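For the sequence shown, position 409 (counting from the first letter as 1) is numbered 422 according to my numbering, and the numbering increases by one without interruption. Using N, Cα and C, we set each Cβ at its ideal position, and we do this for glycine too. Note that the coordinates shown come from a computational prediction; the quantities given were computed from them, not determined experimentally.
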Amino acid sequence: MSEQETKSLPENAYLPLKPGESYTPIIQAGMRIPELTPRSVVWGALLCVVFTVASAYSTLKVGQGMEAAIPISILAIGLARAYRRRSTLLENVIITGIGGASAAVVAGAVFTLPALYILHLNPHPIETVFICLAGGCLGVLFLIPLRRYFVREMHGQFPFPEATAITEVLVTGERGGSQARLLLQATLIAGLYDFFVTTFHVWREYLNLQFIPVMRTLATRGRMVFSFDAIGFILGLGYVMGLRSALVFCAGGVLANFVLVPLIWFLGSHMNVPVYPGLMPVSSMSAAQIYDDYVRFIGVGAIATAGIVGVVKSLRVIAGSFSIALRAFHRSEGDQAERTDRDIPMLSILFGIVAGAVAVAIFFGRFHVSETVLVWGLVLTFLFAFFFASVAANAIATTANNPASGMTMLTVIIASVVLLKFGLSGTTGMFFVMAVAGMVCTALCVSGQFITDLKTGYWLGNTPSAQEKIKFVGVIAAAAAAGLTIVLLAHTFQFGEAAAGDTRPVLAAPQAAIMKALVVGFMSRQPVTWLLFGIGALITLVLEMLGKSSLVFALGIYLPLGLTTPILTGGFLSHLVQRRSQKTAGEAGRRIRERGVILASGLMAGGALGGVLGAALRLFPEFRESLIQTPFYSNDPVSQSVSALLFVSLCMYVWLGALKKEKK
């Protein structure tokens, strides 16, 4: 069977397997086609560097990075047609895997490294690159033993929203025909839609309905504020997630914004003194300030506890994954495993972990700390990186949202508390703790993104060991580009807030500013909001007692309501399409289901491309959001109504597009 005859996912690709049933990928294990080639590695590394530089600037500027994997997968399809021998499906997966490391490494880097510059600790360029590189490599190494569980054994149990979108992009782009045209159509529509709404002043991106009297009254008197991010990318994400996950996800946001925020306002609205960790009286706070100063910490406690619970639940899985890998090693290092289930040998993984431990120990030794502090720093780094790899993979497989910020904050808190016990404090302590947090954050971001690559490769028929090897190439390229970009920007800009007498422009670096505030608070021996963390922990424990998905719910508490509400809309839309598909049944029903997924994937792909283009324009000094501004933009009732109407039109486009009959 040739490759060109296999451009269609099997019917059980997204469904749980029946007893005795197995999944056969598009490129079957016995097929030998080009995969790990110089072409795929070079293009992947080049795209990785480009997207790393752009994403680093974007995240430091506005707090939002750029989606990399989906745009790169589309670029890979375009590049495939530039060669006499058209690139294979597996080569395109390799390009996407290498390039996708850019967003993951950047996410880990910008959460922590800019905080060192805000603290005027000015790390050496080699130190910034090493923190990114060490964390990225640990994320890859610790995830490999978990691949079989998340990717193969739990087939159909996790929605894998981003992996689904990437897979549909690659498959439909390769296959051509009406489905490819449908994908490109949805990509173009969402790309233009998201580009204009997020880049210029055409209509409101965020809806709060404050122009409606009852909504304004709820916000003013009860601090109950509705928010909705009306863009196509999130609609597509919610569709791919499905209704069940979207409901749990949004429920956390409802609890945070419509229960916890109003409750704190009710209790503190008559107080005229600040309550720690807030810096102003609750009576003077808006809903957003109450959320940032109090509820956000409850979300961190909930996510952290959900992570711990997930790790406890996964202990058998983790041990089983390692035993599987060890058995594969004893069978001539896994050579007898079929191609589509062959990992890097266990001995190589163990060697990489030991080498990483030695390198990190040497790095920590540069701080001239005691042996006890060095050992504890090493233990905390590897312990958190190992445990959070499973948490990140679970979160990405379920919701496509990695709880990196919450896990990094937890790392900063625990590392500070532990190392303070051994006398580490001051600027040395701040640098040490942020280095630990930087490695852990990069590790969990990379492991979360890597599980997407592996699931995509599983669906399509890639060799896991090849994907695992080239991921190190992506991490190396992204670490060098991210570290050096941050160093360069630190010389040109100020991070955080403007300093007196410094005329350089400011990059907000919001995530790093939060981490800086945390580490300064601990190393200056300020009180910790244990009560808020504990409330979040108890919320998670209650959900676990009820048998519910605590991690997804905890993510909903922590993430903005504006993100969870459009996800719920996408989930409902997916449910309606699935019901129509089931009623139709047969080949027609299957086409409805398939077209719906393709349209949602196009919305995600187009939205990501629109975001990339908008972020790229911000690199030019002449750029202003007001370059394109509609006359009604400043009129909230009109602007928000137009935005809502256009978002509903996107929903109708997906609904009607899924139900449309193909011409014979």
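From the DSSP output, which residues share a beta bridge with Phe241?
To locate residue 241, count along the sequence shown from 1; it is residue 228. Partner(s): Leu220.
Should Ala601 go down as buried or exposed, given a rule of 16 or more other Cβ atoms within 10 Å for buried?
For this step, residue 601 is matched to residue 588 along the sequence shown. Result: exposed.
With a threshold of 6 Å on Cβ separation, who are the neighbours of Ala300 within its own chain once the five nearest residues in sequence on each side are excluded?
The sequence position of residue 300 within the sequence shown is 287, counting from 1. Within the same chain, Ala300 has close Cβ partners Arg236, Val238 and Val274.
Can you tell me whether DSSP reads Val41 as helix, strand or coil?
Indexing the sequence shown from 1 puts residue 41 at position 28. Contrary to the premise, residue 41 reads as Gln rather than Val in this sequence. Looking at Gln41 - three-state DSSP - the assignment turns out to be coil, as it is neither helix nor strand.
Span of the alpha helix (DSSP H) holding Asp354?
Position 341 of the sequence shown, counted from the first residue, corresponds to residue 354. First-last for Asp354: undefined, no H or E at that position.
Would you call Gln480 buried or exposed, if buried means 16 or more other Cβ atoms sit within 10 Å of its Cβ?
Numbered from its first residue, the sequence shown carries residue 480 at position 467. So Gln480 ends up on the buried side.
Take Leu572 as the anchor and find which of Asn415, Val661, Leu423 and Thr455 has the nearest alpha-carbon.
Position 559 of the sequence shown holds residue 572. Of the listed residues, the one whose Cα sits closest to Leu572 is Asn415.
Is it right to say Arg52 is buried, meaning 16 or more other beta carbons lie within 10 angstroms of its own, or is it exposed?
In the sequence shown, the residue the question calls residue 52 occupies position 39. By the 10 Å Cβ count, Arg52 comes out buried.
Could you give the residue range of the alpha helix (DSSP H) that holds Ala450?
As a working mapping, residue 450 is identified with position 437 in the sequence shown. Segment Gly439 to Leu473, the alpha helix (DSSP H) holding Ala450.
So for His214, helix, strand or coil by DSSP?
Taking the sequence shown and counting its residues from 1, one reaches residue 214 at position 201. Here His214 sits in strand by DSSP.
Have a look at the DSSP bridge pairing and note the partners of Gln507.
One-based indexing of the sequence shown puts residue 507 at position 494. According to DSSP, which records beta bridges pairwise, Gln507 is partnered with Val519.
If we count the other Cβ atoms within 10 Å of its Cβ and call it buried at 16 or more, is Arg608 buried or exposed?
As a working mapping, residue 608 is identified with position 595 in the sequence shown. With 16 or more other Cβ atoms within 10 Å, it is buried.
Give the straight-line distance between the Cα atoms of Phe155 and Leu640, rounded to the nearest whole angstrom.
Along the sequence shown, read from residue 1 onward, the residue named residue 155 stands at position 142. Along the sequence shown, read from residue 1 onward, the residue named residue 640 stands at position 627. Rounded to the nearest angstrom, the two C-alpha atoms are 47 Å apart.
Would you check if the distance between the CB atom of Ser68 and the CB atom of Ser115 is smaller than 7 Å?
The residue given as residue 68 occupies position 55 in the sequence shown. The residue given as residue 115 occupies position 102 in the sequence shown. Result yes, Cβ atoms of Ser68 and Ser115 sit closer than 7 Å.
Proximal residues to Met420 (C-beta, below 6 Å), its chain only, five neighbours per side dropped
Within the sequence shown, numbered from 1, the residue matching residue 420 stands at position 407. Contacts found: Phe401 and Leu457.
In terms of alpha-carbon separation, which member of Val533, Ser258 and Thr469 lies closest to Ile580?
Here residue 580 refers to the residue found at position 567 of the sequence shown. The shortest C-alpha separation from Ile580 is found at Ser258.
Hey, would you say Leu250 sits closer than 7 Å to Ile611, going by beta carbons?
Within the sequence shown, the letter at position 237 stands for residue 250. Within the sequence shown, the letter at position 598 stands for residue 611. Cβ distance not < 7 Å, so Leu250 and Ile611 don't count as in contact.
Close-in-space but distant-in-sequence residues of the same chain around Pro174 (CB under 6 Å, 5 per side omitted)
For the purposes of this step, residue 174 is identified with residue 161 of the sequence shown, where counting begins at 1. These residues qualify, in order along the chain: Leu250, Val253, Met254 and Ala413.
Looking at Arg606 and Ser587, is the spacing between their C-beta atoms short of 7 Å?
Translated into positions along the sequence shown, residue 587 becomes position 574. Translated into positions along the sequence shown, residue 606 becomes position 593. Going by C-beta atoms, Ser587 is not nearer than 7 Å to Arg606.
Boundaries (first-last residue) of the alpha helix (DSSP H) holding Ala95:
By 1-based counting over the sequence shown, the position of residue 95 is 82. Where Ala95 is concerned, there is no enclosing alpha helix (DSSP H), given that its DSSP letter is neither H nor E.
Please check the pair Leu520 and Leu73, which I expect to be a contact at CB under 8 Å, by giving their CB distance rounded to whole angstroms.
By one-based count along the sequence shown, residue 520 stands at place 507. By one-based count along the sequence shown, residue 73 stands at place 60. Contact flag correct, Cβ pair sits at about 4 Å.
Where Ala613 and Ala178 are concerned, what is the direct C-alpha to C-alpha distance, given to the nearest angstrom?
Against the sequence shown, residue 613 aligns to sequence position 600. Against the sequence shown, residue 178 aligns to sequence position 165. Cα-Cα distance, rounded: 8 Å.
Should Leu129 be flagged as near chain C, meaning a C-beta pair shorter than 7 Å?
Here chain C cannot be found, since the structure has a single protein chain.
Report the option in Gly204, Gly265, Ala128 and Glu638 whose CA atom is closest to the CA atom of Gly619.
If you number the sequence shown from 1, residue 619 lands on position 606. Closest option to Gly619, Cα to Cα, is Gly204.
Could you spell out the range, first to last residue, of the alpha helix (DSSP H) harbouring Arg236?
Working through the sequence shown from its first residue, we reach residue 236 at position 223. Here Arg236 belongs to no alpha helix (DSSP H), and DSSP marks it neither H nor E.
Please identify the residue among Pro29, Gly121, Ile90 and Glu104 whose C-alpha is closest to the C-alpha of Val488.
Position 475 of the sequence shown, counted from the first residue, corresponds to residue 488. Residue Gly121 is the option with its Cα nearest to Val488.
Classify Leu653 as helix, strand or coil using the three-state DSSP reduction.
Here residue 653 corresponds to residue number 640 of the sequence shown, with the count starting at 1. The amino acid at residue 653 is misidentified as Leu; the sequence shows Gln. DSSP places Gln653 in helix when its eight states are reduced to three.
Going by DSSP, which residues form a beta bridge with Gln642?
As a working mapping, residue 642 is identified with position 629 in the sequence shown. Beta-bridge pairing links Gln642 to His214.
In chain order, what residues of the same chain have a beta carbon less than 7 Å from the beta carbon of Thr476, not counting five sequence neighbours either side?
One-based indexing of the sequence shown puts residue 476 at position 463. Once the five neighbours on either side are set aside, the close Cβ partners of Thr476 are Glu48, Arg352, Thr353 and Arg355.
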